[in-house]
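Student: This is the structure, below, for whatever I ask next.
4 protein chains.
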Amino acid sequence: MSLRYLTAGETHGPQLTAIIEGLPSNLELDFEALNFQLLRRQKGHGRGRRMQIEQDTAQIVGGVRHGRTTGAPVALVVANNDWKHWTSVMNVEPIEGGDEAKRRVHRPRPGHADLNGGIKYDLKDLRNVLERSSARETAARVAVGAVARQFLANFGIKVGGHVVSIGGITAPAPNLPIDELIERTEASPVRVADAATEQKMIALIDQTKADGDSIGGVVECIVAGLPIGLGSHVQWDRKLDGRIAQAVVSINAFKGVEIGIGFEAANLPGSKVHDEILYTEERGYHRASNRLGGFEGGMTNGEPIVVRGVMKPIPTLYKPLQSVDIDTKEAFTAQVERSDACAVPAASVVMESVVVWEVAKAFLEKFGGDSMEEIKANYANYLKQVAEY
Amino acid sequence: MSLRYLTAGETHGPQLTAIIEGLPSNLELDFEALNFQLLRRQKGHGRGRRMQIEQDTAQIVGGVRHGRTTGAPVALVVANNDWKHWTSVMNVEPIEGGDEAKRRVHRPRPGHADLNGGIKYDLKDLRNVLERSSARETAARVAVGAVARQFLANFGIKVGGHVVSIGGITAPAPNLPIDELIERTEASPVRVADAATEQKMIALIDQTKADGDSIGGVVECIVAGLPIGLGSHVQWDRKLDGRIAQAVVSINAFKGVEIGIGFEAANLPGSKVHDEILYTEERGYHRASNRLGGFEGGMTNGEPIVVRGVMKPIPTLYKPLQSVDIDTKEAFTAQVERSDACAVPAASVVMESVVVWEVAKAFLEKFGGDSMEEIKANYANYLKQVAEY
Amino acid sequence: MSLRYLTAGETHGPQLTAIIEGLPSNLELDFEALNFQLLRRQKGHGRGRRMQIEQDTAQIVGGVRHGRTTGAPVALVVANNDWKHWTSVMNVEPIEGGDEAKRRVHRPRPGHADLNGGIKYDLKDLRNVLERSSARETAARVAVGAVARQFLANFGIKVGGHVVSIGGITAPAPNLPIDELIERTEASPVRVADAATEQKMIALIDQTKADGDSIGGVVECIVAGLPIGLGSHVQWDRKLDGRIAQAVVSINAFKGVEIGIGFEAANLPGSKVHDEILYTEERGYHRASNRLGGFEGGMTNGEPIVVRGVMKPIPTLYKPLQSVDIDTKEAFTAQVERSDACAVPAASVVMESVVVWEVAKAFLEKFGGDSMEEIKANYANYLKQVAEY
Amino acid sequence: MSLRYLTAGETHGPQLTAIIEGLPSNLELDFEALNFQLLRRQKGHGRGRRMQIEQDTAQIVGGVRHGRTTGAPVALVVANNDWKHWTSVMNVEPIEGGDEAKRRVHRPRPGHADLNGGIKYDLKDLRNVLERSSARETAARVAVGAVARQFLANFGIKVGGHVVSIGGITAPAPNLPIDELIERTEASPVRVADAATEQKMIALIDQTKADGDSIGGVVECIVAGLPIGLGSHVQWDRKLDGRIAQAVVSINAFKGVEIGIGFEAANLPGSKVHDEILYTEERGYHRASNRLGGFEGGMTNGEPIVVRGVMKPIPTLYKPLQSVDIDTKEAFTAQVERSDACAVPAASVVMESVVVWEVAKAFLEKFGGDSMEEIKANYANYLKQVAEY
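Chains as they are written, first to last, in full-length UniProt numbering: chain A, 1 to 389; chain B, 1 to 389; chain C, 1 to 389; chain D, 1 to 389.
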């Protein structure tokens, strides 16, 4: 059975919860490293007040003992540090009082799940939608991805990410080794390696905030150190690039995804798009370029996975949009619940997390095994087979 | 259990086979309309010789009786009309003879699954990879999508598609009602509504062919007539836009997907990205624009789904690329197996097919029901609920 | 997507966690009723000391607000009331000290997962297996089932269970209406309706305990008030009786399951096995008997589901069994970790819980819908269709 | 992704179709051995006329080339040799003529899916139900299982089955090595190893046929040569015994399943139920007995899997049962469509097939790998780990 997970929890509820099922035993977990991923999600120039309140940490309440997984499902909890202010509004039990006590929402915000979710689930308090559709849930996905990241690190697989553009300002392609990319972007409040671009992006974010508007951008994730042959061409739903596409577009506010040169491929002749195949005894099969972003036939080809996603500007706005009150059917201009002018740097971390999850899942599908020892032996087997091919 | 399907079959094997599981009973099938979809996939300026050989038709060998589904799994067969020339090469039983008799492939083509698939599956005859990874398989997916299309038509849901750009030539946005879009693009050999663009695209395709090169492009699919609330925001893998993204990127040669304004959202302020909410008694809730392509929170919002995918140029080339023989490890320039200069118009049909499948799946998840009668009653029921919300 | 759930947690860990995904919105939850199910699992003559320590309660930490589900995943926590004594032994972080501090287990108990799990997961501390394989996990499954039970109650579907036999003592078939069955068995410490049998069972349990041995038994679950047509005959994995069989055999210590007359069907002629079909205007189609336990063709036929499962004696023994120390490979006689002489009455509650879950899942697959209102309307639709058939 | 399959096809339709997804490459298939399994399903004393008409053979139309799998999905077709008589009745296209031409069925047979299926799917011609619910579909499952059987044979895993009882006549436990069991039961028209029992069973079947009645029985399947650790205790749906239970109960007419001593465990003290653990250098860990049928904690323990299923008498009867015409709502006595007095020996073959499928699925989940070479290396690797534990 494939690796799987479920998350639960609301943005103002007591906690986010995730259960990861299908991990091997004897995976050593570095809890600091895990929490560092949560911290990375909270950082980034352009975040609003709430990110300062909460210092997210993941508490493990199942599946790990004395620093290692046991093979049992791993349960993770990310507590809401602000929960004490919400115990009544978000109470699981019925409470006294009317709309005010419940902080009922009846004014759907354009660009959010509010209206669609209210209609679909027949909910007249749109808080019941927005509490779950909030990007707060991505903290759980980052925690889950952090476990996958540590798993893959055992096999020399590394994951980095960076911001490609914000609000139309595009950084030059970094072209850095993965370790240096990780280090350089970590030091940047907008997760770009180029200092000049960084300054321009920060200025644009500040201006946007001052204008009461918001901006989106494009982020890129790179996974290096991969074997040939994750994913499969034999059935559409086993193609790893397709699965990664689903994972990326499922991130809140993401509206597109591309692999390798992506949409640019529409403008180039075939002779400029593909990656020629080379062979040397030291490196085995490899490529002269990586335009296809590490995939052919839905399988990894040994080059780094390169995937980009686009995040739209956060729809929570100071510059209000027109909407309709669901009680009165009267027009109003949409209210503000939160206030990030730009969440693109954080989105880069979320995208890394969901991509690395899919890679770990495909990795375990290919190599099987129930303990780290067994997986490592299987992996060594396969690398030998590849070397001898 | 959700609607699901599997396909099997090789490009030069006897047939493609698909099994669709989870269809309701009493769906009237129009077999001509079904085969028309297969024909659409074969058309398009820029296709090579093979498309003329085969007039694909789908034969139904299970799940349908006297023109209607029975609720049982539907089995579809698309025969290979050229099979008689391949009975030995593709025989399921061992054959006499060496590499020539087997038409063994040992020279992997860049941009194809050949090398990765050969390594992953430990196959020294790369024909065993390319026969399955070939885009021929999309004929099965089109047949499957054609059933989904007919199912959704019962609920007034219509699917259209058109070519946005080929080799850098971009058509003006058609802005047509869905019926007119379907009609206009059907009449065009490159599936564009604009006559001037059509001519330019045809000329470019001809030139590319003459140059021995290939070109890709961008295609767009529109699904109109949708209810609010397909998909869900509550768990990442239930977001319908994410599922559509997977389906699109899983099409052979597709390298990216975007919803609504997609990557353009990275360059616009939040105040220019979202779709304001309006309400009138006749139309109920609706939107002033459709920048988000019919999705908020992973759910349909009642506006048409607008999704674009990018297809890279077909990697089969007259202009050869460098590769390595797996027997000798010596460099060579890659061989040609087929010769479409441009398959973008056909890819548009494939994309429609995989998108409409995901919509049908989400539709059945939401409305349940085992017979068309039951589903129609459930649907009417929900529309009433929406109207009264 | 179908209703699904995952559980996590160890018997001596801080908590059991469950996430339920796919519930509709607006399901009113009765928290007392939910906890009552957990209490039922803890009762029953023959339980050991531990059942008295813990008064299990389920805390909901997601998906429910002001007494109703929101459509979001429901997260449930059952805390371990004895956790304070285990914080070091079960610490997620590495601890100081050797085998004693860790309460390491190196002596596998026959009849448990210990040895197989230790080998599979390459774990030299068998505690890492037994903590998860413990029947403590069924508390989470009972909590999950309690939610399904409340969901189905909205449609008049009721679930009861009773003990058929313990250690060879068999109760007479109760032949009671479901409400009376529920009431009568609830009053019995061994969950039988017949007072004379009750006394004999209690005496046997006491004697078994005195002997340092353990006994198993057979339990029966009845689900009444069902519509015709849950499950489907069209594909093997959609047959509801098959799914129920999986759920039952997956309960710790269960070794078999039968539907209706079950194994007795092997001894009877066909003329004595099937249920004749009757029709009256008031009742519609119904049956003269219920030998097939509510199923034909993997679908409900409107008669109550009747399913029985067999639980082997709990392998934890005062009368020790021979085993082998994994460190020394030397024989020893197996150690005792817990001490229930008979857990059959509790197992009856667990079986009800897993059966009702499968019924709820099949119910939602058939009727679709995202809110209770929508499901109720769909259900009314279908009942009308059935009445008019 | 796990091994999966779908089947399609009707009993009087042109063919049964199956697609198997997830097989490794380079599995050598013995087509004669595959068809031998289909033949085994057709044999057995007590079968009616139809079994003689058809000599089922499986034709492979995808996924296999020159005698070996390629990793692509395997498509299997079992043609209906009697199809020429049914081309009109079972036409996929609408036909002229009324009920007679269509051989419409409006009289539901008790014990079949007819009435439930007709109501669920809103079908007034019950032929649309019975064509799919017919046990004919098990031919496809046997073909699928035959592939799994050949896969597992590569790892020394063998599958046998025998009839335990028919109509109340019980054979003595054979207690034979697996190879001898296979040989002996194959030679018996009722699949029992004991000659005296064989004669009694044959006489009973003949008498039952003469009486116009039918009988069922109990069959047992044994899987030998297994590694420790298939399946897992960590989540209920990964327990292999549970999955096997689903597979068995999903066979047409099966009403129960038990593992090892099964229901007998209810009558024995714990000290007589479990399997003591032994260790020798040659054999490693093994057991003094196999009462638990090869499973502890939902995982294999290295002992043979022993699973029994009960088949009710086939509901098609010469001795008619009362039913109700769906047109007139008038009572009638149920019609006869077919005439097997006893299908228990054939059911034994079907049960072997579905059990071996689940084992192969769990095997691939544990060992991963895409080619036979890779899986064999992984397996060797694990056996070494087990030996060193």
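The beta-carbon is built from N, C-alpha and C at its ideal position, and this holds for glycine as well.
I think C/P110 touches C/G118, with their Cβ atoms under 8 Å apart; what is that distance to the nearest whole Å?
Tutor: Contact doesn't hold; Cβ gap of about 13 Å is too wide.
Student: Taking Cβ positions, are D/V223 and D/V355 nearer each other than 8 Å?
Tutor: Yes.
Student: Could you check whether A/N116 and A/H12 sit closer than 8 Å to each other, using their CB atoms as the reference points?
Tutor: In this structure, A/N116 does not lie closer than 8 Å to A/H12 by Cβ.
Student: Look up D/C221 in the DSSP assignment and give the residues it is bridged to.
Tutor: For D/C221, which the question treats as bridged, DSSP gives the partners D/G161 and D/V307.
Student: For D/I277, which of helix, strand or coil comes out of DSSP?
Tutor: Strand.
Student: Name, in chain order, the residues that DSSP records as bridge partners for A/S371.
Tutor: Answer is A/S25, bridged to A/S371.
Student: Please return the same chain residues whose Cβ sits closer than 8 Å to the Cβ of A/V144, not counting the five positions on each side in sequence.
Tutor: Y5, T7, A18, I20, L76, S353 and W357, listed in sequence order.
Student: Taking only the alpha-carbon atoms, compute the straight-line gap between C/H45 and C/S134 and give it to the nearest angstrom.
Tutor: Between C/H45 and C/S134, the C-alpha separation is close to 20 Å.
Student: At 9 Å on the CB atoms, spell out the chain B contacts of C/Y285, in chain order.
Tutor: Under the 9 Å cutoff, chain B gives no residues; its nearest Cβ is about 17 Å from C/Y285.
Student: For a contact defined as C-beta to C-beta under 7 Å, what are the partners of D/F367 on chain A?
Tutor: Simply G368.
Student: Is there a Cβ of chain C sitting closer than 8 Å to that of A/F151, yes or no?
Tutor: So, not an interface residue.
Student: Does the beta-carbon of B/D213 have 16 or more other beta-carbons within 10 angstroms, so that it is buried, or is it exposed?
Tutor: Under this definition B/D213 is a buried residue.
Student: Can you look up C/H233 in the DSSP assignment and give me helix, strand or coil?
Tutor: Reduced to three states, the DSSP call for C/H233 is coil.
Student: Should A/N175 be labelled buried (16 or more other beta-carbon atoms within 10 Å of its own) or exposed?
Tutor: Under this definition A/N175 is an exposed residue.
Student: Going by DSSP, what residues sit across from C/H66 in a beta bridge?
Tutor: Bridge partners of C/H66: none, in fact.
Student: If you reduce the DSSP assignment to three classes, tell me which class B/K199 lands in.
Tutor: Note on identity: in this sequence residue 199 of chain B is Gln, with Lys being the wrong assignment. Helix at B/Q199.
Student: For C/R308, which of C/I244, C/V359 and C/I326 has the nearest alpha-carbon?
Tutor: That would be C/I244, whose Cα lies nearest to the Cα of C/R308.
Student: By the DSSP assignment, the alpha helix (DSSP H) with D/K124 in it spans what residues?
Tutor: Per DSSP, D/K124 belongs to no alpha helix (DSSP H) and is neither H nor E.
Student: Which term fits D/R103, buried or exposed, when burial requires 16 or more other beta carbons within 10 angstroms of its beta carbon?
Tutor: Burial call: exposed.
Student: Compare the C-beta of A/L38 against all C-beta atoms of chain C and say whether one is closer than 8 Å.
Tutor: It does not; no Cβ of chain C falls within 8 Å.
Student: Considering only their Cβ atoms, is the gap separating B/G294 from B/K277 smaller than 8 Å?
Tutor: Inspection of the sequence shows that residue 277 of chain B is occupied by Ile rather than by Lys. It is not a contact, given that the beta carbons lie outside the stated cut-off.
Student: How about D/D340 and D/E303: do their beta carbons lie closer than 8 Å?
Tutor: Contact: no.
Student: Quick one: which chain C residues come within Cβ less than 8 Å of D/R243?
Tutor: Ordered by position in chain C, the residues that pass the 8 Å Cβ test against D/R243 are Q246.
Student: What first and last residue would you give for the beta strand (DSSP E) that runs through C/E258?
Tutor: That run of the beta strand (DSSP E) goes F254 to I259.
Student: Starting from the Cα of C/S323, find the closest Cα among D/E183, D/E365 and D/T280 and give me that residue.
Tutor: The option with the nearest alpha carbon to C/S323 is D/T280.
Student: Would you check if there are 3 or more beta carbon pairs closer than 8 Å linking the segment 156-164 of chain D to the segment 172-190 of chain D?
Tutor: Yes: the two stretches touch, three or more of their Cβ pairs being nearer than 8 Å.
Student: Pick helix, strand or coil for A/V324, following the three-state DSSP scheme.
Tutor: Strand.
Student: Tell me, please, which residues DSSP counts as bridged to C/H112.
Tutor: Answer is none; C/H112 lacks a bridge partner.
Student: Is D/I314 helix, strand or coil by DSSP?
Tutor: In this structure, D/I314 counts as coil in the three-state DSSP scheme.
Student: Starting from C/T138, follow the alpha helix (DSSP H) in both directions and report where the run begins and ends.
Tutor: Segment T138 to A153, the alpha helix (DSSP H) holding C/T138.
Student: Quick check: the Cα distance between A/G216 and B/V273, rounded to an integer number of angstroms?
Tutor: A/G216 and B/V273: Cα-Cα distance of roughly 10 Å.
Student: In the DSSP output, what is B/Y285 paired with across the bridge?
Tutor: Its beta-bridge partners are B/Y279.
Student: If you compare alpha carbons, which of D/N301, D/F36 and D/G71 is closest to C/K120?
Tutor: Ranking the options by Cα distance to C/K120, first place goes to D/N301.
Student: Please classify C/P172 as buried or exposed, where buried requires at least 16 neighbouring CB atoms within 10 angstroms.
Tutor: C/P172 is exposed by the Cβ-count criterion.
Student: Rounding to the nearest angstrom, what Cα-Cα distance links B/I375 and C/V234 in this structure?
Tutor: Taking the straight line from one Cα to the other gives about 18 Å.
Student: State the Cα-Cα distance for the pair A/L370 and C/D114, rounded to the nearest angstrom.
Tutor: According to the sequence as given, residue 370 of chain A is Asp; it is not Leu. Between A/D370 and C/D114, the C-alpha separation is close to 15 Å.
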